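Notes follow the structure.
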Amino acid sequence: MSIRENRTGDTVELVVDSLSLAGDEATALKEKAVELIDSGQIKLSLNLTKPEYIDSSGIGKLLFMNKKIEKLGGDFRISAINSTLYDFLESLAITKVMDIASP
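Heads up, the sequence shown is in my numbering, so the first residue is 1328 and it goes up one at a time.
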């Protein structure tokens, strides 16, 4: 999985370049996020414009990252997302518990 990291001020944006956010891809994203969080980075955004599919493990990883940063008083958001993925997360009411920008 390819994850690019962009820094803007005190926020790090992780750009996911994979078509899927499932299994190993979701684990790699979580590991990268945890590495950043453990180093003190508590403002994190995700760019999910490329992934077209997410499974339960991917959703679990997103919720984990959100909760971990929330506990530290930080800011976690999905700053960019494609409409298919957004509609799916909205149907699961994930958009009510996580800051997700509309596509």
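Ideal placement from N, C-alpha and C gives every residue a C-beta, glycine not left out.
Only a predicted model underlies this, so the values are computations on that prediction, with no experimental measurement involved.
Check, Outcome
"Nearest-angstrom Cα separation, counted from E1417 out to I1427", "9 Å"
"Alpha-carbon to alpha-carbon, A1407 and P1430", "7 Å"
"Cutoff 6 Å; reference I1369; Cβ partners in own chain excluding five residues on either side", "I1396, L1399 and G1401"
"Terminal residues of the alpha helix (DSSP H) in which V1342 lies", "It is not in any alpha helix (DSSP H) - V1342 instead sits in the beta strand (DSSP E) that spans T1338 to V1343."
"I1330 - DSSP class collapsed to helix/strand/coil", "strand"
"Span of the alpha helix (DSSP H), counted from its first residue to its last, around A1428", "Note, A1428: premise wrong, no alpha helix (DSSP H); not H, not E."
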